[in-house]
Amino acid sequence: MSYGTSSEPVLSTGVTGEPMELAGSSAHRQLCTRPADDRGRVVINARGHLPQRTGEVDKILPGQLDTTRPGRDNRQRLEGRMKTLTKELWMEVPQRRAIVSIHNEVERLVAESDVTDGLALVNAMHITASVFINDNESGLHADYERWLEELVPFHAGSDPTTGGYLHNRTGEDNADAHHKRQIMGREVVVAITAGKLHLGPWEHIFYYEFDGRRRKRILVKIIGE
Amino acid sequence: MSYGTSSEPVLSTGVTGEPMELAGSSAHRQLCTRPADDRGRVVINARGHLPQRTGEVDKILPGQLDTTRPGRDNRQRLEGRMKTLTKELWMEVPQRRAIVSIHNEVERLVAESDVTDGLALVNAMHITASVFINDNESGLHADYERWLEELVPFHAGSDPTTGGYLHNRTGEDNADAHHKRQIMGREVVVAITAGKLHLGPWEHIFYYEFDGRRRKRILVKIIGE
Amino acid sequence: MSYGTSSEPVLSTGVTGEPMELAGSSAHRQLCTRPADDRGRVVINARGHLPQRTGEVDKILPGQLDTTRPGRDNRQRLEGRMKTLTKELWMEVPQRRAIVSIHNEVERLVAESDVTDGLALVNAMHITASVFINDNESGLHADYERWLEELVPFHAGSDPTTGGYLHNRTGEDNADAHHKRQIMGREVVVAITAGKLHLGPWEHIFYYEFDGRRRKRILVKIIGE
Numbered sequence: 001m002s003y004g005t006s007s008e009p010v011l012s013t014g015v016t017g018e019p020m021e022l023a024g025s026s027a028h029r030q031l032c033t034r035p036a037d038d039r040g041r042v043v044i045n046a047r048g049h050l051p052q053r054t055g056e057v058d059k060i061l062p063g064q065l066d067t068t069r070p071g072r073d074n075r076q077r078l079e080g081r082m083k084t085l086t087k088e089l090w091m092e093v094p095q096r097r098a099i100v101s102i103h104n105e106v107e108r109l110v111a112e113s114d115v116t117d118g119l120a121l122v123n124a125m126h127i128t129a130s131v132f133i134n135d136n137e138s139g140l141h142a143d144y145e146r147w148l149e150e151l152v153p154f155h156a157g158s159d160p161t162t163g164g165y166l167h168n169r170t171g172e173d174n175a176d177a178h179h180k181r182q183i184m185g186r187e188v189v190v191a192i193t194a195g196k197l198h199l200g201p202w203e204h205i206f207y208y209e210f211d212g213r214r215r216k217r218i219l220v221k222i223i224g225e
Numbered sequence: 226m227s228y229g230t231s232s233e234p235v236l237s238t239g240v241t242g243e244p245m246e247l248a249g250s251s252a253h254r255q256l257c258t259r260p261a262d263d264r265g266r267v268v269i270n271a272r273g274h275l276p277q278r279t280g281e282v283d284k285i286l287p288g289q290l291d292t293t294r295p296g297r298d299n300r301q302r303l304e305g306r307m308k309t310l311t312k313e314l315w316m317e318v319p320q321r322r323a324i325v326s327i328h329n330e331v332e333r334l335v336a337e338s339d340v341t342d343g344l345a346l347v348n349a350m351h352i353t354a355s356v357f358i359n360d361n362e363s364g365l366h367a368d369y370e371r372w373l374e375e376l377v378p379f380h381a382g383s384d385p386t387t388g389g390y391l392h393n394r395t396g397e398d399n400a401d402a403h404h405k406r407q408i409m410g411r412e413v414v415v416a417i418t419a420g421k422l423h424l425g426p427w428e429h430i431f432y433y434e435f436d437g438r439r440r441k442r443i444l445v446k447i448i449g450e
Numbered sequence: 451m452s453y454g455t456s457s458e459p460v461l462s463t464g465v466t467g468e469p470m471e472l473a474g475s476s477a478h479r480q481l482c483t484r485p486a487d488d489r490g491r492v493v494i495n496a497r498g499h500l501p502q503r504t505g506e507v508d509k510i511l512p513g514q515l516d517t518t519r520p521g522r523d524n525r526q527r528l529e530g531r532m533k534t535l536t537k538e539l540w541m542e543v544p545q546r547r548a549i550v551s552i553h554n555e556v557e558r559l560v561a562e563s564d565v566t567d568g569l570a571l572v573n574a575m576h577i578t579a580s581v582f583i584n585d586n587e588s589g590l591h592a593d594y595e596r597w598l599e600e601l602v603p604f605h606a607g608s609d610p611t612t613g614g615y616l617h618n619r620t621g622e623d624n625a626d627a628h629h630k631r632q633i634m635g636r637e638v639v640v641a642i643t644a645g646k647l648h649l650g651p652w653e654h655i656f657y658y659e660f661d662g663r664r665r666k667r668i669l670v671k672i673i674g675e
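Protein chains in written order, with the numbering used here: chain A, 1 to 225; chain B, 226 to 450; chain C, 451 to 675.
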């Protein structure tokens, strides 16, 4: 599997100071096929031409770990004091929009942090993407897509009188993405109790890409004791 | 007053390791009638058939503490280090939707935590409910109800071409609730300064139930010194 | 420049225990003209009569530091333990609505806090304003204005059957502001790594005023080590 031709979202988890997993290695494939398959992640076709009326989706994609690019990170375990873990996850979604589970990766980082009691901040580092918590159910994800497109439709133009956005005067066509991200939110803050994410039974952490087809980052910052 | 027949929202605050208050006891009644009476909490009638045009509400309900069920919790006060308090509050709203003040309870937990400087995370542990901060004013709460119903109407069906939601193919009828919660948000993070919630004069912490009639939890996680 | 007659948003950063900068002093003017000029901040004309169809804006205003009024604050640097910094920023926007950058001020407070690893909470202390992170681009800000006005139009009346809001029965005319703030959010939580805000390349911290023409506060709370 080559990332250059992959059509699946790619999540990088390189950790400074730890051995990197190699793309295509067995460790990598194991990560790719892990528990991702039973997650309902929906990807709408490019340029926002999503099938609004029917709720049909193009594809259900598994999440992937891309280990080709390390994130800026550090982990600090001061004696008897606050512990922190900082990790940037790299994400590449080959479609314009997609919902990708990052739940297991955040769970893994909490274990790695050795924090038993504290907070985990998980935020998109890009302003056309969200991190949110909701149901791991593909029908709902398609509903979100349709709903967000109704609230703030994709339009590449820059003339508001014809449905465009002034932001697109900059040469971008992603003004709608900057709006959708405000609805779904930039970040979640999750409690850590007894060394684990302290979540309700159906809470699941997702990354929502509104303007993909390029590498972006998600930040996980854990502090506690 | 029996919880089985109560039509009021019920908030449980059982604390492991502390004596439980008994339902129906004088302590309980005191909690029930505490400062809740002057709060404008609005409950719309069941199944989302709220009076959209008039903004009329069925009922103004007081908040209630239900002490019959303890939440998972812990409190840690390490010597000279970070302190934490973790508490799950149980909530049961007998209607489909309601706004319930949890402000006093969060305030009480901050005092109990003994944290003078830190952060309090308050989040819904269920994905069809919100925790938010806004005005303690019943007219506004009715406005929210009408507005959210316009942005994402209740519909029990699963066919998007007739106003339904794909999520409801799962057998649920609460897809609208998963959307409304994204508008109002999952969580608030509030500063603690000088041992108290550090809030503006009109900031008030609420739980917003979008799919009630069952027990749900709210998490309060406090960390600091 | 006198604040009484100023038509520009005013941000106060008084720090207890530190020398106050004087309004009109050279230090103050320096702050006023600092990097604010190239920020696209949009102010819509008063009372919500914004030009919905064209996206035209009245004015691009620079941000300003108002040092005439200190905020409640403290800074704690316990030996070898958690550090905190608490600062209230005072803001006065002379128009009804405006987007004002508070990015540099938050950056400065992080440096002042001496926290190298931790979290910064930045929240509006008023319930008709938001703190959010998105692009520092004036066209987008005008798009936001037009979009929010479509989602929840300004109306001074209190009769929902004619477009008003029940909240306005209280004598206020700002019900729309309480709704807009829910879309854009109350707060952001930002990681601090290596002594700096840990943000993506385009993340910029803004205050969004939805009901200005009076003094309001923003809280910055920093905790970490």
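Backbone N, C-alpha and C define an ideal beta-carbon position, used for all residues, glycine too.
These numbers were taken from a predicted model, which means no experiment stands behind them.
For residue i and residue j, what's the separation of their Cα atoms in angstroms?
{"i": "Val115(A)", "j": "Val220(A)", "result": "13 Å"}
{"i": "Thr162(A)", "j": "Asn174(A)", "result": "16 Å"}
{"i": "Ile552(C)", "j": "Arg531(C)", "result": "28 Å"}
{"i": "Val581(C)", "j": "Glu112(A)", "result": "32 Å"}
{"i": "Pro378(B)", "j": "Gly420(B)", "result": "42 Å"}
{"i": "Ala191(A)", "j": "Asp159(A)", "result": "44 Å"}
{"i": "Lys216(A)", "j": "Met91(A)", "result": "5 Å"}
{"i": "His204(A)", "j": "Thr193(A)", "result": "16 Å"}
{"i": "Ile583(C)", "j": "Ala129(A)", "result": "11 Å"}
{"i": "Val639(C)", "j": "Ala402(B)", "result": "25 Å"}
{"i": "Arg558(C)", "j": "Arg371(B)", "result": "42 Å"}
{"i": "Gly171(A)", "j": "Leu89(A)", "result": "28 Å"}
{"i": "Arg97(A)", "j": "Arg619(C)", "result": "42 Å"}
{"i": "Asp585(C)", "j": "Ala367(B)", "result": "33 Å"}
{"i": "Gln289(B)", "j": "Leu197(A)", "result": "Reliability fails at Gln289(B), whose pLDDT of 44 lies under 50, so the model's placement of it is uncertain and no value is given."}
{"i": "Glu587(C)", "j": "Arg439(B)", "result": "45 Å"}
{"i": "Asn329(B)", "j": "Leu598(C)", "result": "32 Å"}
{"i": "Lys537(C)", "j": "Ala381(B)", "result": "47 Å"}
{"i": "Tyr658(C)", "j": "Glu637(C)", "result": "11 Å"}
{"i": "Tyr144(A)", "j": "Leu85(A)", "result": "32 Å"}
{"i": "His629(C)", "j": "His179(A)", "result": "16 Å"}
Please tell me whether residue i and residue j are closer than 7 Å, where the distance is taken between their beta carbons.
{"i": "Ala345(B)", "j": "Ile447(B)", "result": "yes"}
{"i": "Gly589(C)", "j": "Leu166(A)", "result": "yes"}
{"i": "Phe206(A)", "j": "Ile99(A)", "result": "yes"}
{"i": "Ile352(B)", "j": "Trp202(A)", "result": "yes"}
{"i": "Gly474(B)", "j": "Met575(C)", "result": "The requested residue 474(B) is not part of the displayed model; chain B covers only 226 to 450."}
{"i": "Val556(C)", "j": "Val572(C)", "result": "yes"}
Just mark residue i as buried or exposed, buried being the case when its beta carbon has 16 or more other beta carbons within 10 Å.
{"i": "Pro544(C)", "result": "buried"}
{"i": "Glu675(C)", "result": "buried"}
{"i": "Glu150(A)", "result": "exposed"}
{"i": "Gly437(B)", "result": "buried"}
{"i": "Gly389(B)", "result": "buried"}
{"i": "Arg406(B)", "result": "buried"}
{"i": "Leu481(C)", "result": "Caution applies to Leu481(C), whose pLDDT of 27 falls short of 50 and renders its modelled position unreliable; the value that the coordinates give is listed next. That one is buried."}
Who are the neighbours of residue i on chain A, taking C-beta pairs under 8 Å?
{"i": "Asn584(C)", "result": "Ile127, His178, Arg181, Gln182"}
{"i": "Trp652(C)", "result": "His126, Ile127"}
{"i": "Glu587(C)", "result": "His167, Thr170"}
Anything in chain C within Cβ reach of residue i, meaning under 8 Å, just list it in chain order.
{"i": "Asp368(B)", "result": "Pro610, Tyr615, Leu616, His617, Ala625, His628, His629"}
{"i": "Thr86(A)", "result": "Asp567, Ala641, Thr643, His648"}
{"i": "Leu365(B)", "result": "Tyr615, Leu616, His617, Ala625, His628"}
Please list, in chain order, the chain B residues whose beta carbon lies closer than 7 Å to that of residue i.
{"i": "Ile673(C)", "result": "Gly343, Leu344, Gly449"}
{"i": "Val602(C)", "result": "Trp372"}
For residue i, return the contacting residues in chain A, with the cut-off set at a CB-CB distance below 7 Å.
{"i": "Arg547(C)", "result": "Those within 7 Å of Arg547(C) in chain A number zero; the least Cβ separation is about 16 Å."}
Quick one: list the residues of chain C neighbouring residue i, beta-carbon separation under 7 Å, in chain order.
{"i": "Met307(B)", "result": "Met532"}
{"i": "Leu219(A)", "result": "Ala641, His648"}
Under 7 Å between C-beta atoms, does residue i make it to chain F?
{"i": "Leu365(B)", "result": "The structure shown contains no chain F; its protein chains are A, B and C."}
Name the residues in the region 171–195 of chain A whose C-beta lies less than 8 Å from a C-beta of chain C; which are they?
-> Hits within the stretch, in order: Ala175, His178, His179, Arg181, Gln182, Ile183, Gly185, Arg186, Glu187, Val189.
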